[in-house]
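Asks: This is the structure I want to talk about, given as structure tokens.
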Amino acid sequence: MTTYIPSLTIPSVVLQHSAASVLLPIALGTAVGFGTRPSKTQKTYLALKQPPLRPPPWVFGPVWTVLYGVMGYASHRIATIGLRSSASPAIVETAQNSLTLYTVQLGLNLAWMPLFFVAKRPSEASIDIVTLIGMNAYLAYLWSSIDEVAAWCQVPYLGWLGFATYLCVGAGYLNGWDLHDKEVKEE
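For the sequence shown, the working numbering begins at 18 and goes up steadily by one.
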């Protein structure tokens, strides 16, 4: 069964192209953002009881765009440095495995918004985001053995994931883990 896992990886030809590796997560994140009906998402966000330090809704788009770009750049560095022909077999294997992990974490990241705002399942969204923190901490560890710059690129993402976890769990708790009736009513 584990022999199928590498087939989940974004193709190395995409990740070895700098623009493609940066733009792919940005495009996917943008598509998910627009696919979840932004005006309805914003109304739900504003209707929720939120923990202190909640940022205004307009902050999320620019922050995620930068974070997606930085994670794409980091994956590009790993693909070009870790998969080059002169790299040792151990480095190549670590790079391949870590790029599979990168792809899986990107999928989990993209699943969060529909889980929280469309399905209105804050429990599952909280599990998703806590899993993302663990995966990305391990990803930073793996990438540190290949390229320190790529590993350090994970630090802002991990910081934001920590803050987003606080917001997600806080909103879930303050709203009784049920968001189904949370939406600003149309006038």
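Here a beta-carbon is modelled for each residue, glycine too, at the ideal position from N, C-alpha and C.
The structure presented is a predicted model; accordingly, all values stated were derived computationally and were not measured.
1. Which of the three DSSP states, helix, strand or coil, is assigned to residue 101?
2. Rounding to the nearest angstrom, what Cα-Cα distance links residue 206 and residue 153 in this structure?
3. Do three or more CB pairs link the segment 60-74 to the segment 96-110 at distances below 8 Å?
4. Could you round the C-beta distance between residue 92 and residue 116 to whole angstroms and report it? I think they count as a contact, below 8 Å.
5. Is there contact here, the segment 136-143 with the segment 46-59, by at least three beta-carbon pairs under 8 Å?
6. Excluding sequence positions up to five away, which residues of its chain have a Cβ less than 6 Å from the Cβ of residue 184?
7. Under a Cβ-count criterion, where at least 16 other Cβ atoms within 10 Å of its own Cβ denotes burial, should residue 51 be classed as buried or exposed?
8. CA-CA distance, residue 160 and residue 130?
9. How long is the line joining the alpha carbons of residue 165 and residue 95, rounded to whole angstroms?
10. Rounded to whole angstroms, what is the Cα-Cα separation between residue 37 and residue 44?
11. Give me the Cα-Cα distance between residue 42 and residue 158, rounded to the nearest whole angstrom.
12. Please confirm whether residue 39 and residue 173 have their CB atoms less than 9 Å apart.
13. Indicate the three-state DSSP secondary structure (helix, strand or coil) for residue 193 in the structure shown.
14. Rounded to whole angstroms, what's the CA-CA distance from residue 66 to residue 137? Just pull it up for me.
15. Could you check what DSSP says for residue 25 in three-state terms: helix, strand or coil?
16. Considering only the beta carbon of each residue, do residue 125 and residue 97 sit closer than 9 Å?
17. Going by C-alpha to C-alpha distance, which of 35, 62, 30 sits closest to residue 191?
18. Note down, one range per segment and in chain order, each alpha helix (DSSP H) of at least 4 residues found wholly within the segment 137-170.
Replies: So, from the listed chains and residues:
1. Along the sequence shown, one-based indexing puts residue 101 at 84. Note: residue 101 maps to coil in three-state DSSP.
2. There is simply no residue 206 to check, as the chain begins at 18 and stops at 204 in what is shown.
3. Counting Cβ pairs under 8 Å, fewer than three are found: no touch.
4. Here residue 92 refers to the residue found at position 75 of the sequence shown. Here residue 116 refers to the residue found at position 99 of the sequence shown. Right, their Cβ atoms sit about 6 Å apart.
5. As far as the Cβ criterion goes, the segment 136-143 does not touch the segment 46-59, which means the pair count is below three.
6. In the sequence shown, counting from the first residue as 1, residue 184 sits at position 167. Apart from the 5 residues on each side of it in sequence, residue 184 has no Cβ closer than 6 Å to any other Cβ in its chain.
7. Here residue 51 refers to the residue found at position 34 when the sequence shown is read from its first residue. Result: exposed.
8. Start at 1 with the first residue of the sequence shown, and residue 160 comes out as number 143. Start at 1 with the first residue of the sequence shown, and residue 130 comes out as number 113. In a straight line, the C-alpha of residue 160 is about 26 Å away from that of residue 130.
9. Counting from 1 along the sequence shown, the entry for residue 165 is found at position 148. Counting from 1 along the sequence shown, the entry for residue 95 is found at position 78. Taking the straight line joining both Cα atoms gives about 10 Å.
10. Locating residue 37 in the sequence shown gives position 20, counting from the first residue. Locating residue 44 in the sequence shown gives position 27, counting from the first residue. Their Cα atoms are separated by approximately 10 Å.
11. Working through the sequence shown from its first residue, we reach residue 42 at position 25. Working through the sequence shown from its first residue, we reach residue 158 at position 141. The straight-line gap from Cα to Cα measures roughly 21 Å.
12. Walking along the sequence shown from the start, residue 39 turns up at place 22. Walking along the sequence shown from the start, residue 173 turns up at place 156. In this structure, residue 39 sits away from residue 173, with a CB-CB distance that is not shorter than 9 Å.
13. Translated into positions along the sequence shown, residue 193 becomes position 176. If DSSP states are grouped into helix, strand and coil, residue 193 belongs with coil.
14. Sequence index remark: in the sequence shown, residue 66 carries index 49 (1-based). Sequence index remark: in the sequence shown, residue 137 carries index 120 (1-based). Taking the straight line from one Cα to the other gives about 14 Å.
15. Indexing the sequence shown from 1 puts residue 25 at position 8. Residue 25 falls in the helix class under three-state DSSP.
16. In the sequence shown, counting from the first residue as 1, residue 125 sits at position 108. In the sequence shown, counting from the first residue as 1, residue 97 sits at position 80. Remark: C-beta atoms of residue 125 and residue 97 do not approach each other more closely than 9 Å.
17. For the purposes of this step, residue 191 is taken as the residue at position 174 of the sequence shown. The shortest C-alpha separation from residue 191 is found at 62.
18. If you keep only unbroken alpha helix (DSSP H) runs of at least 4 residues inside the segment 137-170, you get 139-161.
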